[in-house]
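Colleague: Got a structure for you, questions after.
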Amino acid sequence: MIGSPFVLKEHNTVRFTMIKVMAALIPGTLAYAWFFGPGIWISLIWCGLLGIAFEAVALLMRDRPMQPALTDGSVLLTAWLLALSVPTLAPWWLYLAGMFFAVIVAKHFYGGLGQNLFNPAMVGYAALIISFPVYMTQWVGPTNLANYVPNLSDAFDLVFIGGSITPDAYTSATILDGVKTAVRGGHTVADALGLPIHGLIAGKGFELVAVMYLFGGLFLISNRLITWHIPVALLAAIGLTAGGLQLVDPAHHAGPLFHLMAGGSMLGAFFIATDPVTACTTPRGKLIFAGLAGFLTVIIRTFGGFPDGVAFSILILNSAAPFIDAFSQPRVFGHPRGGRADK
Amino acid sequence: MSGKVYPIPGGLHPAEYKDISNDRPILVAPLSERYVVPLRQHIGEPARLLVKPGYSVLKGQLIGAPEGRISAAVHAPTSGRVIAVEPRPVAHPSGLPDQCVVIEADGQDTAVEMQPIAWRDLIPCELHQRLANMGLAGQGGAVFPSHVKLAPSPIPIETLILNGAECEPWITCDDRLMRERATEILQGAEIMRHALGASRILVGIEDNKPEAAQAMQAACDQLKLGNAEVTVVPTRYPSGGAKQLTQLLTGLETPSGKISTDIGIQVFNVGTAYALYRAVELGEPMLSRIVTITGHVAQPVNIEARLGTPIEELIRLAGGELPEASGHLIGGPMMGFELNDTAAPVVKAVNCVITKNLALFPHHPPAMPCIRCGQCALVCPASLQPFEMYWHAKSKNFDKARAYALLDCIECGCCSHVCPSHIPLVDFYRFAKSEIIAADRASQASEIARQRHEFQLLRQEREKREKAERLGKKATERLDSGAVAADDPEAARKKAILEGAIERARQAKEAARPQNTENLTPEQQQQVDEIEARRTAPPQDTETQA
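Protein sequences appear in the order of chains A and B. The first sequence: position 14 = 14 (the numbering used here), numbered continuously. If you count the second sequence from 1, you need to add 1000 to reach the numbering used here.
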């Protein structure tokens, strides 16, 4: 027999939560399609199908009920986040490998929904960028700069058949890559930001997609799906770290605004670092978790081997989240200050 | 009119459904043909039965006397004849029947002589004694015997809080009582204040009951209670928890493991104050209470029902169940429990009966895995991390659950209410708490046994050593006697002291012998010998020794 309470909050399910998070991704995704062509729809649908297939296979092999896990929306959210993190128009098997790592390795090897230590989409992304760095840096350029814009059927061919067109015709490095290459090559940040791909703040197209992610994130906060702690701390840490580096050496470090709007900063701050399963859960823990992730993001971007550091910094902090939680427990009602729950 | 309100953590605002039952005046239930009065209506020991089948009783006659320190008296709700004393279905979460006195009413409703208590002339200690047999028990939910809470306390009580928050959805009995009988409630509160020696009365009422707050304020003004203050608090469940209301009204946080009394505050429900008023000013023990009959019934209403009235009669008075009712709840939907049998009687704890249907109370969807979303932590009024406690309770890692302060959980149900995975969190906590408490008891018992066993070993060791010393000494004495005394006066003096001590010890041992074993019959002597043999037999096994 189930005891009290006998009433539950209405319209409050895991599925509805996932749907709302996906809804918050819509503005950013639409902006992405607007600036970078319809290829994103292909990767989105393909990743979604792969996600459901891998989830079903995993559930079958683990002898778990299909319906609740397949319909909870979590695997679709993972697929959506991976599709936004991987360049569009990459070959079909790249997404397949990414989704395999995300769903099978990161999620089901650890026990499925709620049990995973690492964010599945970021595990998929990390596996791909380590294994296939070339494909992972060939981003489709903004449509208004490209001399060739693939339409939907071209995009389908490019992904599933492999076209005769060389990727150089429609892809380019991101602005993060551009800045890194320029600085490594002995140029200044200003040189890199003079490139046509730069746009206003941090890359043509990408910067406006980032603004849309920000709007989606504010929707998540206003709907109480996430709290302010993680995005604010993560973005503040990115800004402060980048600002500090710029103060030391303005010629070789881009400023806070650039780092906030470039790469995966906004997507990471609102949609990935906030993944409740893998993030810290206490208020202080969230601030520490996200602050360190933001700091590491800029450090990896600046001194590391990969163009973006969001995924790696979040994965590193995922591994530390249980530890941080244990040492940041809030004071329980009626307990003395300075007490610790987990001793 | 409203005093300062302090912030408290957590809480939520579930749909209220209060307006369907709070717009009609309190209905006084007509006399029933039969009353079923359980002897256990309160926390603590059940009352000791004073009647037998066949006895005639009068209204207000004591039929169960308080037993032990924490217990409350039970009285006959009307005049009539005791027709049975037997286990009957009662309103209890366990669903198990309990011992009840069944009284057939004679319709006369003849009462025993009721003597008002001249409380102003009594010192708190005397007043406390006079209240012991009045059967008062807290009407807010915990049903703690009220006279115990009114006993003079080693910690001076500064503030008396009257709890009129009534934060659970659906329930409106306190609302109606405050609207209609505010003067009596506050007179009761004034008696409480006198008994406790408190200097002020704070009344806390949620802001969804403006009429009740106004009535209480008007009564304060009318009674010229300068030391009483009515404070309207925000409607936010569980504001009516004793620790929550204490913090809302005073800003003071009751320390973990303590009660508000420990910080000089005593909290009573408004219904209890009303019952106390009747007990003192009219001399009437607690015979009735207000019950909200609501939910899927024709005419939801508050009823003043005598204790012992079968709940099904009250549902009939509220117009009866509507078609497709799906069961009943006692109390509110957040902390109440399922009622198995509507034949169960109204008791001191029954503040509300909700008739369910599937539209208002749908089945809980199947539970999904916890995604650590933290919604539960946001609403927890104890600032706990419910998902961590769930994790450890589920894996039966009770030490960890306890480290996350599981025992500070007040089981308010906020976490379960907001859980998007529909995990019955509170059920897990109840389970883990009972396991922890049982383990604590077992470890206490084994600790006592261990100490006893160790002491026994120590004693046996000591006795053996002393015996050996005695024998050794005797042997040396025989060897040394005579020779020593002649040439060494110091040694002779020591020896004399030693002998004196041995002689005293021997006499003491003689004196300690059992005194009543001189004139035993042979059978008795044999029994004694057998017991003695068993007792001195070497321990077989530490477990059985324990």
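Glycine included, C-beta positions come from ideal geometry on N, C-alpha and C. As the structure is a prediction and not an experimental result, all values here were calculated from the model.
#1: Give the C-beta separation of Phe289(A) and Ile230(A) to the nearest angstrom, bearing in mind that I take them to be a contact with Cβ-Cβ under 8 Å.
#2: Whole angstroms are fine: how far does the CA of Lys1400(B) sit from the CA of Ala192(A)?
#3: Hey, how far is the Cα of Pro27(A) from the Cα of Leu117(A)?
#4: Using a cut-off of 8 Å between C-beta atoms, extract the partners of Gly1413(B) located in chain A.
#5: Cβ atoms of Asn1133(B) and Leu1058(B): under 9 Å apart, would you say?
#6: Any C-beta of chain A within less than 8 Å: which residues of the segment 1234-1251 of chain B qualify?
#7: Return the CA-CA distance between Val1270(B) and Ala1195(B), expressed in angstroms with no decimal places.
#8: Taking Lys9(A) as the query, report the chain B residues whose CB atoms sit under 9 Å from its CB, ordered along the chain.
#9: Using a Cβ-Cβ cutoff of 8 Å, what residues of the segment 58-70 of chain A are near chain B? List them in chain order.
#10: Quick one: which residues of the segment 112-125 of chain A get their C-beta closer than 9 Å to a C-beta of chain B? List them in chain order.
#11: So, at 7 Å on beta carbons, what are the nonlocal neighbours of Ile129(A) in its own chain, with the 5 sequence-adjacent residues on each side left out?
#12: Considering only C-alpha positions, which residue in the set Cys1380(B), Leu1314(B) and Ser1446(B) is nearest to Asn1351(B)?
#13: Give the residues from the segment 1333-1355 of chain B that approach chain A closer than 8 Å (Cβ to any Cβ), ordered along the chain.
#14: If we count Cβ pairs, one from each stretch, closer than 8 Å, do we get three or more for the segment 1245-1257 of chain B versus the segment 1200-1208 of chain B?
#15: Examine chain B for any beta-carbon lying closer than 9 Å to the beta-carbon of Phe333(A), and answer yes or no.
#16: So, with DSSP's three-state summary, where would you put Gly1164(B)?
#17: Between Glu1168(B) and the rest of its own chain, which residues show a CB-CB distance below 6 Å, the 5 nearest in sequence each way excluded?
#18: Note down, in chain order, every chain A residue with its Cβ under 8 Å from the Cβ of Val1426(B).
#19: I'd like the list of long-range same chain contacts for Tyr1404(B), defined as Cβ closer than 8 Å, with 5 residues on each side in sequence excluded.
#20: Which chain B residues sit within Cβ distance under 7 Å of Pro330(A)?
#21: With a threshold of 9 Å between beta carbons, is Cys1370(B) in contact with chain A?
#22: Quick check: the Cα distance between Pro1077(B) and Glu1281(B), rounded to an integer number of angstroms?
#23: Which chain A residues are close to His1364(B), counting only those with a beta carbon under 7 Å from its beta carbon?
#24: Give the range of the beta strand (DSSP E) segment to which Ser1383(B) is assigned.
#25: Report yes if the CB atom of Ala1084(B) is closer than 9 Å to the CB atom of Ser1032(B), and no otherwise.
#26: Considering only their Cβ atoms, is the gap separating Ala1047(B) from Gly980(B) smaller than 9 Å?
#27: So Pro87(A) contacts chain B; which residues on that side make the cut at Cβ distance below 8 Å?
#28: Closer than 9 Å, CB to CB, is Phe1398(B) near chain A or not?
#29: Closer than 9 Å by beta-carbon distance: list the chain B residues that pair up with Val179(A), in chain order.
#30: Residues in the segment 11-22 of chain A with C-beta within 8 Å of chain B's C-beta atoms, listed in sequence order?
#31: Counting contacts by CB-CB distance shorter than 9 Å, is Asp1019(B) in contact with chain A?
#32: Could you round the C-beta distance between Gly205(A) and Pro142(A) to whole angstroms and report it? I think they count as a contact, below 8 Å.
#33: At least one CB of chain B closer than 9 Å to the CB of Val277(A): is that the case?
#34: Using the DSSP secondary-structure output, state which residues sit across from Val1085(B) in a beta bridge.
#35: Under 9 Å Cβ-Cβ, which residues of chain B neighbour Thr281(A)?
#36: Using 8 Å as the threshold, is the segment 202-222 of chain A in touch with the segment 19-33 of chain A, meaning 3 or more CB pairs across them?
Modeller: According to the structure data:
#1: Locating residue 289(A) in the first sequence gives position 289, counting from the first residue. Locating residue 230(A) in the first sequence gives position 230, counting from the first residue. Sure, about 7 Å apart at Cβ, within 8 Å.
#2: One-based indexing of the first sequence puts residue 192(A) at position 192. One-based indexing of the second sequence puts residue 1400(B) at position 400. About 54 Å.
#3: Along the first sequence, one-based indexing puts residue 27(A) at 27. Along the first sequence, one-based indexing puts residue 117(A) at 117. Their Cα atoms are separated by approximately 29 Å.
#4: The residue labelled residue 1413(B) in the question sits at position 413 within the second sequence. Chain A residues near Gly1413(B): Ser4 and Pro5.
#5: In the second sequence, the residue the question calls residue 1058(B) occupies position 58. In the second sequence, the residue the question calls residue 1133(B) occupies position 133. The answer is no: Cβ separation not under 9 Å.
#6: Lys1243
#7: Within the second sequence, the letter at position 270 stands for residue 1270(B). Within the second sequence, the letter at position 195 stands for residue 1195(B). Their Cα atoms are separated by approximately 16 Å.
#8: Taking the first sequence and counting its residues from 1, one reaches residue 9(A) at position 9. Under the 9 Å cutoff, chain B gives Leu1012, Pro1014, Gln1375, His1417, Val1418, Cys1419 and Pro1420.
#9: Pro68
#10: Gly112, Leu113, Gly114 and Gln115
#11: Your numbering for residue 129(A) matches position 129 in the first sequence. Excluding residues within five positions, the ones whose Cβ falls inside 7 Å are Met136 and Phe306.
#12: Here residue 1351(B) refers to the residue found at position 351 when the second sequence is read from its first residue. Comparing Cα-Cα distances from Asn1351(B) to each of Cys1380(B), Leu1314(B) and Ser1446(B), the minimum goes to Leu1314(B).
#13: Pro1333, Met1334, Met1335, Gly1336, Phe1337 and Glu1338
#14: yes
#15: What you label residue 333(A) is simply residue 333 of the first sequence in a count that begins at 1. Chain B contact via Cβ: present.
#16: In the second sequence, residue 1164(B) corresponds to position 164, counting from 1. Strand.
#17: In the second sequence, counting from the first residue as 1, residue 1168(B) sits at position 168. Cβ within range, chain order: Gly1332 and Met1334.
#18: For the purposes of this step, residue 1426(B) is taken as the residue at position 426 of the second sequence. Simply Gly3, Ser4 and Pro5.
#19: As a working note, residue 1404(B) is residue 404 in the second sequence. Closer than 8 Å at Cβ, skipping near neighbours: Leu1384, Gln1385, Glu1388, Met1389 and His1392.
#20: To locate residue 330(A), count along the first sequence from 1; it is residue 330. Ordered by position in chain B, the residues that pass the 7 Å Cβ test against Pro330(A) are Ser1383.
#21: Residue mapping note: residue 1370(B) aligns to position 370 of the second sequence, counting from 1. True, the Cβ-Cβ gap to chain A drops below 9 Å.
#22: By one-based count along the second sequence, residue 1077(B) stands at place 77. By one-based count along the second sequence, residue 1281(B) stands at place 281. Each residue's Cα considered, the two are about 19 Å apart.
#23: As a first step, residue 1364(B) is located in the second sequence; it is residue number 364 there, counting from the start. Near His1364(B) (Cβ distances below 7 Å), the residues of chain A are Ile2 and Leu8.
#24: Against the second sequence, residue 1383(B) aligns to sequence position 383. Per DSSP, Ser1383(B) belongs to no beta strand (DSSP E) and is neither H nor E.
#25: For this step, residue 1084(B) is matched to residue 84 along the second sequence. For this step, residue 1032(B) is matched to residue 32 along the second sequence. No, the pair does not count as a contact, with Cβ atoms beyond the cut-off.
#26: Outside the modelled stretch of chain B, which goes from 1001 to 1546, sits residue 980(B), for which no answer is possible.
#27: Against the first sequence, residue 87(A) aligns to sequence position 87. Within 8 Å Cβ-Cβ: nothing; Pro87(A) doesn't reach chain B, min ~29 Å.
#28: Translated into positions along the second sequence, residue 1398(B) becomes position 398. So no, Phe1398(B) is outside the interface.
#29: Translated into positions along the first sequence, residue 179(A) becomes position 179. Per Cβ cutoff of 9 Å: no residues; Val179(A) is ~36 Å from chain B at best.
#30: Asn12, Thr13, Val14, Phe16 and Thr17
#31: Counted from its first residue, the second sequence places residue 1019(B) at position 19. No, because no Cβ of chain A sits closer than 9 Å to the Cβ of Asp1019(B).
#32: By 1-based counting over the first sequence, the position of residue 205(A) is 205. By 1-based counting over the first sequence, the position of residue 142(A) is 142. Going by Cβ atoms, the distance from Gly205(A) to Pro142(A) rounds to 4 Å, so yes, they are a contact pair.
#33: Start at 1 with the first residue of the first sequence, and residue 277(A) comes out as number 277. Output row for Val277(A): interface = yes.
#34: In the second sequence, residue 1085(B) corresponds to position 85, counting from 1. Answer is Val1101(B).
#35: Reading the first sequence from its first residue, position 281 is the one you call residue 281(A). Going along chain B in sequence order, the residues near Thr281(A) (Cβ under 9 Å) are Arg1372, Cys1373, Gly1374, Ala1377, Gln1385, Phe1387 and Glu1388.
#36: yes
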